[in-house]
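With full-length UniProt numbering, the residue at position 51 of the sequence shown is 51, and numbering never jumps.
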Amino acid sequence: MLFNFTVAKEKVTESVGWEKRTVTLSLSGNLVSDSFKTFKATIMVTPKEDEGNGSRVVWTVEFEKIRHDVEDPVWIIDILINYLKETDEELNI
């Protein structure tokens, strides 16, 4: 499943893999294209089998900087935390 949408003038392509419980977000637009050639975040959710309710979440961010002097994109942490909170709220409805 593939979704395309815009967030704050950034193009976001979202790919959902239900079998592997993954969501991949590929960002493009002024925020990322001025500093990065590629920018992708993947979130994988695995149910906790040994602890009852809940799930474990692993997310990775892959990026390629345009120049070596570009700072690491630590701002993505806040975006991903908000995304996970919204996803959690939707799953608990």
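From the three backbone atoms N, C-alpha and C, an ideal C-beta is built for every residue, glycine too.
If you draw a straight line from the C-alpha of residue i to the C-alpha of residue j, how long is it?
i, j, result
"ILE38", "GLY52", "At residue 38 the sequence reads Thr, which differs from the Ile that was named. Using only the alpha carbons, I get a separation of about 38 angstroms."
"THR60", "GLU49", "22 angstroms"
"THR87", "VAL45", "11 angstroms"
"PRO47", "TRP75", "27 angstroms"
"ILE43", "GLU64", "18 angstroms"
Please report the residue range of the alpha helix (DSSP H) in which residue i lies.
i, result
"MET37", "The sequence shown places Lys at residue 37, rather than the Met named in the question. LYS37 -> not in any alpha helix (DSSP H); beta strand (DSSP E) instead, spanning 36–47."
Under 8 angstroms, do residue i and residue j count as touching if we go by C-beta distance?
i, j, result
"ALA41", "LEU91", "no"
"SER15", "THR24", "yes"
Could you tell me which residues DSSP pairs with residue i in its beta bridges?
i, result
"GLU62", "LYS40"
"VAL57", "VAL45"
Just verifying my parser: in three-state terms, what is the DSSP assignment at residue i?
i, result
"GLU19", "coil"
"ASN92", "coil"
"ASP72", "coil"
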